[in-house]
Structures are given as structure tokens and as C-alpha cells.
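Engineer: In this text, residue positions in the sequence shown follow the working numbering: the first is 20, and each later residue adds one. Here a beta-carbon is modelled for each residue, glycine too, at the ideal position from N, C-alpha and C. Values in this document were obtained by computation on a predicted structure and should not be read as measured data.
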Amino acid sequence: MTAEDSLQRAESLLDRLEAARARLEATEEPEAALEILGELSEIAREVEAEIQRAKREAEAESDAER
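1. Would you mind sorting S60 into buried or exposed? The rule is 16 or more other CB atoms within 10 Å of its CB.
2. Is the region 49–63 in contact with the region 20–37, if contact means three or more CB pairs nearer than 8 Å?
3. Is it true that the CB of L26 sits closer than 8 Å to the CB of A18?
4. My parser needs the beta strand (DSSP E) runs of 3 or more residues fully inside the region 28–75; what are they?
5. Can you give me the C-alpha to C-alpha distance between L56 and E80, rounded to a whole angstrom?
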């Protein structure tokens, strides 16, 4: 996976994050809100992992060009 692939995946995850956040704002059900908060937390972890992966890939690509 290239750094660009990781960044594209992170952007996709950010879109999911925004959709979940919008659902959270629209819900009035406490249990649904808790479920959505869990989903938001999981997506945020996935975004962080993709960002870290992209950083590693970018560094590896930079080192390979030297």
C-alpha cells in the first residue's frame, strides 16, 4: 500500500466519520447515540492508523528516493 492509498483510505474513513456524526446529531434515542459514539470511536482509531501508515509509507518512499 502506498502513502497515497493510505491517504485515500483515511479520506474515505473521514467521510464515514462525518456521516456518523450527522446521524448522532439527528438522533434522540440514548441507546442509538451510544451505538453511534462507539462507531465514531472505532472510525477515529482507523483514521489514526491510516495516517500513521501513510506517514511510514511516505518516509519509506522518501528514503528509497535517496
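Structural biologist: Straight from the coordinates:
1. exposed
2. yes
3. As displayed, the chain neither begins before 20 nor continues past 85, which places residue 18 out of reach and without an answer.
4. none
5. 36 Å
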